[in-house]
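Shown next, in structure tokens, is the structure this report addresses.
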Amino acid sequence: MNIEHFLHKSTANWMQGEGQYDDIVMSTRIRLARNLMDFRFPRAFSEEEAMQIDKAVSNVLIDADEEQQSQFSYFSLHDMPVLQRQVLVEKHLISPQLADKVKAGSVLLSDDESISVMINEEDHIRIQCLQPGLQLAKAYENAEQIDRLLERHLPYAFDDTFGYLTSCPTNTGTGLRASIMMHLPALTMTNQIGSLISTMPRLGMVVRGMYGEGTESVGNYYQISNQITLGKSEKDILADLKSVTEQIIQKETEARTALMEHASIALADRLNRSLGTLLYARILTSEEAANCLSNVRLGIYLGIIQNIPVFVLNECMLYMQPGFLQQHAGTTLQANERDVYRASLLRERLQCNRELKKGQFDEEGEDSYDV
Amino acid sequence: MICEHCKQRPATITVTQMKNGKKMTRHFCEVCNKQLDSFHLNLDFNADPISMHQLFSNWFGTPSWSVAAPNANEQKAQQQDTCPECGMNYRQFLNEGKFNCPSCYDTFKEQLPHVLKRLHNGAVEHVGKAPGSINEAYQTKKQIEAIRVDMKIAIEEERFEDAASMRDKVRVLEKKLQVGGESQDEH
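Chains as they are written, first to last, in the UniProt record's numbering: chain R, 1 to 371; chain W, 1 to 187.
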């Protein structure tokens, strides 16, 4: 597969939200950090070591095609223009850290985009598996499969006491980070999110923004993941994260119900105004666009907004990001130019879908609701 | 208008900054603006993973909970231990918060539990899976360790018969470990 396949597909696979609890949980991500014995970690290794590791890991995955369900395509970050790297980050196929590793970094992507193996990021190997909705077991199983394949051919750096050895001591042990991306607009609106975030560390969990470590929350999306990787088995880590996630889902559902009961008009007003903004604005910053899309998404799941399919929103979430916008425009755009382009792109995308939907309603002899 | 910074030269440049959502307008002379401007740029470059490492070194370096200061031996060890593979020493690790190679773990194994405890809620030992190749031996070792702990408790509680049967179990497992090791060598 060439890079175009991964760049131009407008919806990432993990966004095809058919998973469990897809009104609240966007996606599940599993990441395993692994390193090879007898090589220094990427922060200290030589170019020669980098090349050897790159070759060893990619050979195993590419040669294993017959025994493997998924086929992998290899891309070196070195040959990749900045914009393409940015698009891959925005699709969550590579980490922002890998995008900066122009010298040594590379990535192997499975055709369906659900698995990416990053080479020479912070660790020699980072196996990442994405699934839509809440699917910890499935995502972990996929990661395990790649892990087993690699460990058959490559000597991992492992210690009886410390487990899998990683560059950062926060990953030592299982090297497992499991994350759930959640959309929590009602908890945010009712000002409960702050206390939720501050209780997470006590449960051994951590809350981050959309693109992982060091990023802020955009559009009420929060990523919840395990903080502890040592002294806990993989099974327990996943089980604990699942139970915390389910409690948050319950809280968000309760907050949504409460909003509907106590402030349905004010809520409907706010959510429809956001739809109005997306449909008619001529300048949209990414922050405003993300907030409006978040409101419209909530509106859809609460039945307040009817004639927009969720997949269009997911597409818009991807499209509105700087890298995607510029790729779509086919040229580099300054921040203010992007805001104009973003507004027109989202307007077009949402309006054409509304008309399409309206047409369907008319054929079925139903009145469209906004007369 | 006079430059806000040097308060001497006339202000010829107006700078508008957004700070915490508030718009701030400031007036500088050309000389000061140049200085301040390059200063801002530097800040931008440094904006990446700043505090994380700093944070670590604070965490690792000063054990706030520990009453006893590190004894002389330990301090000596901290200064002397240098990883034979990559040349990293313990002080460097504390400052940077990251290891340079897998052997660092072995080099700093005396000091590490103290660091790992803080990061992983008191845990210092891996209990999850292991690579298939070393899996069996690894599981056996873990089993032996667990039984030894139980055995100690049994002895303390004067349940000597239990302790004896546990000792036998350990012997069997240790034998298995040896045989396993030999058969692996034959491969």
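C-beta: ideal position from N, C-alpha, C; glycine also. On a predicted model such as this, the values are computed, not experimentally measured, just so you know.
When the Cα of residue i is compared with those of the options, which residue comes out closest?
i	options	result
L196/R	A178/R, Y222/R, S179/R, T172/R	Y222/R
E315/R	L36/R, K103/R, E90/R, D100/R	E90/R
A290/R	S46/R, T332/R, N171/R, A343/R	A343/R
I249/R	H5/R, E49/R, M182/R, P201/R	M182/R
N95/W	C168/R, P185/R, S198/R, I193/R	C168/R
K242/R	G163/R, D123/R, L136/R, F324/R	L136/R
L302/R	P185/R, F324/R, I62/R, L32/R	P185/R
V127/W	I300/R, I228/R, E49/R	I228/R
D123/R	T172/R, Q306/R, S274/R	T172/R
F99/W	I125/R, F41/R, P96/R	F41/R
R34/R	D22/R, L149/R, L77/R	L149/R
Q111/W	N121/W, G132/W, N89/W, P131/W	N89/W
C32/W	K23/W, G21/W, T14/W	T14/W
K101/R	L83/R, D38/R, N120/R	N120/R
V124/W	I308/R, F72/R, G163/R, L203/R	G163/R
E49/R	A104/R, N272/R, M320/R	A104/R
M151/W	R171/W, F93/W, M166/W	M166/W
V82/R	C352/R, R349/R, L350/R, Q326/R	Q326/R
G209/R	P201/R, L203/R, S225/R	S225/R
Y280/R	D160/R, I127/R, R349/R	R349/R
L176/R	Q86/R, L203/R, I237/R, M205/R	I237/R
H27/W	M18/W, I2/W, K109/W	I2/W
M205/R	L119/W, I153/W, R148/W, A11/W	L119/W
residue 391/R	F39/R, H92/R, I115/R	Coverage of chain R is limited to positions 1 through 371, which leaves residue 391/R absent and any answer about it impossible.
In three-state DSSP terms, what is residue i?
i	result
E174/W	helix
C101/W	coil
I53/R	helix
S233/R	coil
R256/R	helix
R40/R	coil
P10/W	strand
S70/R	coil
L32/R	strand
residue 373/R	Summary: the structure shown does not reach residue 373/R, with chain R confined to residues 1 through 371, and so no result is reported for it.
P70/W	Note that P70/W scores a pLDDT of 48, beneath 50, so its modelled location is shaky; the value from the coordinates is reported in the next line. P70/W: coil per DSSP, three-state reduction.
F75/R	strand
F6/R	helix
V15/W	strand
T277/R	helix
L55/W	Low confidence applies to L55/W: its pLDDT is 48, below 50, so where it sits in the model is not reliable, and the reading given next is rough at best. If DSSP states are grouped into helix, strand and coil, L55/W belongs with the helices.
I249/R	helix
V296/R	helix
S27/R	strand
P49/W	Low per-residue confidence applies at P49/W: pLDDT is 39, beneath 50, and the placement is therefore not dependable enough to give any value.
I305/R	coil
T332/R	coil
Looking at the secondary structure, which residues open and close the alpha helix (DSSP H) in which residue i lies?
i	result
V89/R	82-90
Q327/R	322-329
P96/R	96-100
T199/R	193-199
residue 375/R	Any answer about residue 375/R is impossible in this case: the structure gives chain R only from 1 up to 371.
K117/W	112-119
C316/R	310-319
R202/R	From DSSP, R202/R is part of no alpha helix (DSSP H); its letter is neither H nor E.
N95/W	90-96
Starting from residue i, follow the beta strand (DSSP E) in both directions and report where the run begins and ends.
i	result
K22/W	22-28
L130/R	125-132
L109/R	106-110
N226/R	221-226
I115/R	115-119
R208/R	205-208
Confirm the yes/no value for this check: CB of residue i, any heavy atom of the ligand HEM, distance under 7 Å.
i	result
I193/R	Because no ligand of any kind appears in the structure shown, any question about the ligand HEM cannot be addressed here.
State yes or no: is the beta carbon of residue i nearer than 8 Å to at least one beta carbon in chain C?
i	result
K232/R	This model lacks chain C altogether, as its protein chains are R and W.
Inter-stretch contact at 8 Å, needing at least 3 Cβ pairs: the region 25-36 of chain R / the region 129-147 of chain R: yes
Complete alpha helix (DSSP H) runs within the region 157-191 of chain R (minimum length 4 residues, chain order): 185-189
Touching by the beta-carbon criterion (3+ pairs, under 8 Å), the region 81-94 of chain W and the region 135-147 of chain R: no
Whole alpha helix (DSSP H) elements within the region 132-168 of chain W, 4-residue minimum: 132-156
Inter-stretch contact at 8 Å, needing at least 3 Cβ pairs: the region 185-194 of chain R / the region 136-151 of chain W: no
Three-pair Cβ contact test at 8 Å for the region 332-351 of chain R versus the region 97-114 of chain R: no
Cβ pair count under 8 Å reaching 3, the region 272-286 of chain R against the region 326-341 of chain R: yes
Cβ contact check for the region 77-97 of chain R and the region 44-53 of chain R: 3 or more pairs under 8 Å: no
Given 8 Å, three or more beta-carbon pairs between the region 302-311 of chain R and the region 259-274 of chain R: yes
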